[in-house]
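Protein chains in written order, with numbering that gives the first Met the number 0: chain A, 0 to 414; chain B, 0 to 361. Here is the structure we will look at.
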Amino acid sequence: MSESSSILSLEEQAAVPFWRDIHVLRWLFQIIVLVLTVLFLGLLANNLVTNLRKVGLSLSFEFLFRPAGFSISEGPPFDPRAPVWKAYLVGVANTLRAAGIGIVLATILGTIVGIARLSRNWLVSRVALVYIEIMQNTPLLVQLFFWFTLVKALPSQQRETIIRVPYQTLHLGPVEIPPLAYFSQRAAALPGLQTQESFRFWWPFLVLAFVTAYVAWRVRIYLKEREGHPPTGQFWWATGAFVLSLVIGWLVVPGSPLRITIPTLVGEGRIVNYEGGWVLTNNFQALLLGLVLYTAAFIAEVVRAGIQSVPYGQIEAATALGFTRGQQLRLIIMPQALRVIIPPLINQYLNLTKNSSLAIAVAFPDLFNVSQTIGNQTGQNTQVIAMVMGSYLMMSLSISLVMNIVNKRMQIVER
Amino acid sequence: MSKFSRNRWAVFAVGLLLVVLALSACQSAAPAPEAGGEEEAAAAEEGGSLLDEIKARGVLRCGVNSSLPGFGYIDEDGNNVGFDVDFCRAIAAAVLGDANAVEYTTLNADQRFPALQTGEVDVLIRNTTWTLTRDTDLGLDFTVTTFYDGQGYMVRAGEFNSVEELDGATICVTSGTTTEANLADDFAARGLTFTPNVFSETADTHQTFVEGACDAETSDKSQLAALRSAEPNPEDYVILPETISKEPLGPVVRANDSDWRDVVMWTVFAMIEAERLGVNQANVDSFLDSDDIQIQRLLGTGEDDLGALLGLPKDWAYQIIKQVGNYGDVYDRHLTPIGIERAGSLNAHWTEGGLIYAPAFR
Numbered sequence: 000m001s002e003s004s005s006i007l008s009l010e011e012q013a014a015v016p017f018w019r020d021i022h023v024l025r026w027l028f029q030i031i032v033l034v035l036t037v038l039f040l041g042l043l044a045n046n047l048v049t050n051l052r053k054v055g056l057s058l059s060f061e062f063l064f065r066p067a068g069f070s071i072s073e074g075p076p077f078d079p080r081a082p083v084w085k086a087y088l089v090g091v092a093n094t095l096r097a098a099g100i101g102i103v104l105a106t107i108l109g110t111i112v113g114i115a116r117l118s119r120n121w122l123v124s125r126v127a128l129v130y131i132e133i134m135q136n137t138p139l140l141v142q143l144f145f146w147f148t149l150v151k152a153l154p155s156q157q158r159e160t161i162i163r164v165p166y167q168t169l170h171l172g173p174v175e176i177p178p179l180a181y182f183s184q185r186a187a188a189l190p191g192l193q194t195q196e197s198f199r200f201w202w203p204f205l206v207l208a209f210v211t212a213y214v215a216w217r218v219r220i221y222l223k224e225r226e227g228h229p230p231t232g233q234f235w236w237a238t239g240a241f242v243l244s245l246v247i248g249w250l251v252v253p254g255s256p257l258r259i260t261i262p263t264l265v266g267e268g269r270i271v272n273y274e275g276g277w278v279l280t281n282n283f284q285a286l287l288l289g290l291v292l293y294t295a296a297f298i299a300e301v302v303r304a305g306i307q308s309v310p311y312g313q314i315e316a317a318t319a320l321g322f323t324r325g326q327q328l329r330l331i332i333m334p335q336a337l338r339v340i341i342p343p344l345i346n347q348y349l350n351l352t353k354n355s356s357l358a359i360a361v362a363f364p365d366l367f368n369v370s371q372t373i374g375n376q377t378g379q380n381t382q383v384i385a386m387v388m389g390s391y392l393m394m395s396l397s398i399s400l401v402m403n404i405v406n407k408r409m410q411i412v413e414r
Numbered sequence: 000m001s002k003f004s005r006n007r008w009a010v011f012a013v014g015l016l017l018v019v020l021a022l023s024a025c026q027s028a029a030p031a032p033e034a035g036g037e038e039e040a041a042a043a044e045e046g047g048s049l050l051d052e053i054k055a056r057g058v059l060r061c062g063v064n065s066s067l068p069g070f071g072y073i074d075e076d077g078n079n080v081g082f083d084v085d086f087c088r089a090i091a092a093a094v095l096g097d098a099n100a101v102e103y104t105t106l107n108a109d110q111r112f113p114a115l116q117t118g119e120v121d122v123l124i125r126n127t128t129w130t131l132t133r134d135t136d137l138g139l140d141f142t143v144t145t146f147y148d149g150q151g152y153m154v155r156a157g158e159f160n161s162v163e164e165l166d167g168a169t170i171c172v173t174s175g176t177t178t179e180a181n182l183a184d185d186f187a188a189r190g191l192t193f194t195p196n197v198f199s200e201t202a203d204t205h206q207t208f209v210e211g212a213c214d215a216e217t218s219d220k221s222q223l224a225a226l227r228s229a230e231p232n233p234e235d236y237v238i239l240p241e242t243i244s245k246e247p248l249g250p251v252v253r254a255n256d257s258d259w260r261d262v263v264m265w266t267v268f269a270m271i272e273a274e275r276l277g278v279n280q281a282n283v284d285s286f287l288d289s290d291d292i293q294i295q296r297l298l299g300t301g302e303d304d305l306g307a308l309l310g311l312p313k314d315w316a317y318q319i320i321k322q323v324g325n326y327g328d329v330y331d332r333h334l335t336p337i338g339i340e341r342a343g344s345l346n347a348h349w350t351e352g353g354l355i356y357a358p359a360f361r
């Protein structure tokens, strides 16, 4: 009885008409949704073009090749007579600079605060807590204005008032130390590295240094493991190989490829500017302070959660085996915590990059700020906004891609 | 697994975006003559001019500034007031018979053109400079110049006496303005260097200058004068004598709507003509029984009905003058108090050597 009914159902199945066949339906729905979506977007695009044409605007990208006609306060050197697309690239470069430096600093600060949050020292953990709560629970835009106001409240950029560090030229026996850094309401100037003429010969050695460092690291591990010992000292091997490659490069290349430049004040009278050194404008300082301090608070929580996700038994076991607190953190806890930390960390990197578009509030010429100017000077707002969205999309997807690769490696190591 | 399918969706979305962009590119590559036909068809479909739409709506939507003393700002009672704002009121008086039938939209320099292009506002009266590019490339039409301005520099008193001393200076400027481009041109022409500090709000530009983070602030001279007058100690600041550009300011409308553009233009002309005829807000009623044919034409008290030709009531100009005033009334109300002298400037009436002139009313 049961057998015959099952055969019957099989026959029924074979006879199912295509409009009730789950395989056909599945595809059919996909196609319908696709067609509807394309039609809808097509309608929007058509609507846009028709309306733009009605007021005499087109969607051409010809404006990118006109002279820009405006200047940009910082970033790669830019001449107002250069075409608009170059101005756009200056904006991209400034966004990448802010986001890149921001991500590195936020990660370092976030990790420190995250670990401090778990400190057994009551004061340290409370300070970290207060910091995190304040930063996470106030809007970033407000914080940016706060830092901008604070930076602008520094003394004016005049010879009499500017802050020097050290305060004046120090005489330590025969050695003279001039002021190394300056701070004013307009910009800070710090000692910086300047690439010289021969840098173009030297940078291949820099690449080589990373390669040799990696090879040395691997070789040391291989040798130790062949002897049957746990791998130790690979860090020092890698560092040695790295430094050695750079020193050889330095000796081979004519002249020195890099030079440390110390900022000096130039100009008499009312207009005093910096020459040399690494100059950070008040706009950049405010943006960086805002982005780093804000994002670090979120990263700190990510790090704390990651560390706490490691079962306490692991720490007890490590203690029983005689690991010190530092070793436990470095060798037992962190490798496992990173598994939990990295996915939300990617999210924070993306947030920081996207939040950098708030730079317009503090007059830093990032991608969005420069685009606004381009949109206004040329009137081609639709295309400019499309380009800006495309650029941020590309940046975000690139960060995701890189971090997903890192994540995958961590997962494999864990397994 | 879910991550994988999410990635697929991302690829799918990007693909779609590309398809749409490709579509739009095809569209824009279509031959130009066809466009003209479409415009006419579209205009016919919508039943003609914006003027009819405003009459039906019963309120004029006007894009204005909110942070420029004298021209467009918010007074202590929260009302939009100023030189530019009064022209909004004049248009509303002419079209709707009520100077208060205006809905103001506060716009900054960056927002103003998109707001007009998209139809968010009917007319933009926000110290906007008439340039060839804007008139042709933005889908806009400029109407009349209501104020002849020029760009200058403001510095702290005692620091600088001329632009030539500003080599290497940091200069505060507002984005999305002709000012920003003129600044680059002027310094390049003089062979000087400078660092711009670009803000999107005039208020931020000015505040940063006052705080000392800029050596100079550049803008239209009237604007600088207005900002200076609002400082607690105006004498701490001076406006340098150089004028580096032409900045004719006036109302702007969307392109290709001749009827509406005519109404905006002739509203301003009526105010200028009234001043020439000596008709002002205070005495306009005493002219209602005037025998002067010119005054009869303007106020619509005689045989001629010029208002009908514009699609307006017969007493359109009377309403403007009665409710808002003539050009001189508006100037004296807003610009004289903040120290922008009219006598001897380009904004004097043409009978007194200025450029304020109206075509013939007949």
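Even for Gly, the Cβ is constructed at its ideal location relative to N, Cα and C. Fair warning: this is a prediction, and the values are worked out from it, not measured in the lab.
Contact between G268 of chain A and W201 of chain A fails: their C-beta atoms lie close to 40 angstroms from each other, not under 8 angstroms. Contact annotation: in the stretch 261-278 of chain A, residues whose CB is within less than 9 angstroms of a CB in chain B are V265, G266, G268, R269, I270, V271, N272. Among the residues of chain B, those whose CB is under 8 angstroms from the CB of G68 of chain A are A180, A183, D184, following chain order.
Listed along chain A, the residues sitting closer than 7 angstroms to T169 of chain B by beta-carbon distance are R185. Cβ contact annotation for G175 of chain B (same chain, cutoff 6 angstroms, sequence separation greater than five): A108, D109, in chain order.
For P195 of chain B, the secondary structure class from DSSP, reduced to helix, strand or coil, is strand.
Between Q142 of chain A and chain B, the shortest Cβ-Cβ separation is not below 8 angstroms. In this structure, I332 of chain A sits near I306 of chain A, with a CB-CB distance shorter than 8 angstroms.
For V278 of chain A, the enclosing beta strand (DSSP E) stretches over residues 277-280. G57 of chain B and A285 of chain A have their alpha carbons spaced roughly 47 angstroms apart.
By the criterion of at least three beta-carbon pairs nearer than 8 angstroms, the stretch 160-180 of chain A is not in contact with the stretch 226-239 of chain B. Put simply, the CB of S244 of chain A is far from chain B, with every gap to its CB atoms at 8 angstroms or more. Just so you know, the alpha carbons of W265 of chain B and Q318 of chain B end up roughly 13 angstroms apart. For F198 of chain B, the nearest CB of chain A lies under 8 angstroms from its own CB, placing it at the interface with that chain.
Using a Cβ-Cβ cut-off of 7 angstroms, S174 of chain B is close to Q371, T372, N375 of chain A, given in chain order.
Taking a contact as a CB-CB distance under 8 angstroms, the pair T377 of chain A and V83 of chain A counts as one, their CB atoms being some 7 angstroms apart.
If you look at Y273 of chain A, you'll find it in the beta strand (DSSP E) that goes 272-274.
Apart from sequence neighbours up to five positions away, the residues of its chain that approach C213 of chain B with a beta-carbon distance below 7 angstroms are T169, I170, C171, N196, T207, ordered along the chain. The beta carbon of S285 of chain B lies closer than 8 angstroms to none in the same chain, with the five residues before and after it left out. For a Cβ distance threshold of 7 angstroms, residue set N196, V197, F198 of chain B lies close to A362 of chain A, ordered along the chain. For the stretch 112-134 of chain B, residues whose beta-carbon sits nearer than 8 angstroms to a beta-carbon of chain A comprise F112, P113, Q116, T132, R133. Checking the DSSP bridge columns, you'll see I162 of chain A partnered with A:F182.
Distance check between V278 of chain A and each of A:G74, A:L58, A:A44 places A:G74 closest, using alpha-carbon atoms only.
At a cut-off of 8 angstroms between C-beta atoms, K151 of chain A counts as an interface residue with respect to chain B. Cα atoms of F360 of chain B and V91 of chain A: separation of roughly 55 angstroms, rounded to the nearest angstrom. Inter-segment contact for the stretch 294-304 of chain B and the stretch 265-280 of chain B is present: three or more beta-carbon pairs are separated by less than 8 angstroms.
Here DSSP, grouped into helix, strand and coil, assigns T127 of chain B to coil. In the displayed model, S66 of chain B falls within a strand according to three-state DSSP. Checking the DSSP bridge columns, you'll see V122 of chain B partnered with B:C61. Annotation: P82 of chain A has no Cβ neighbours in chain B at a cutoff of 7 angstroms; minimum Cβ distance is about 14 angstroms. Between G353 of chain B and chain A, the shortest Cβ-Cβ separation is not below 8 angstroms. The beta strand (DSSP E) runs of length 3 or more contained entirely in the stretch 199-267 of chain A are, from start to end of the chain, 257-260, 263-265. Counting C-beta pairs closer than 8 angstroms gives three or more between the stretch 177-193 of chain A and the stretch 249-269 of chain A, which meets the contact rule. Of B:A183, B:V263, B:L248, the smallest CA-CA separation from D121 of chain B is found for B:V263.
Under DSSP, T169 of chain B forms a beta bridge with B:T194. The stretch 180-198 of chain A and the stretch 148-156 of chain A touch, with no fewer than 3 CB-CB distances between them shorter than 8 angstroms.
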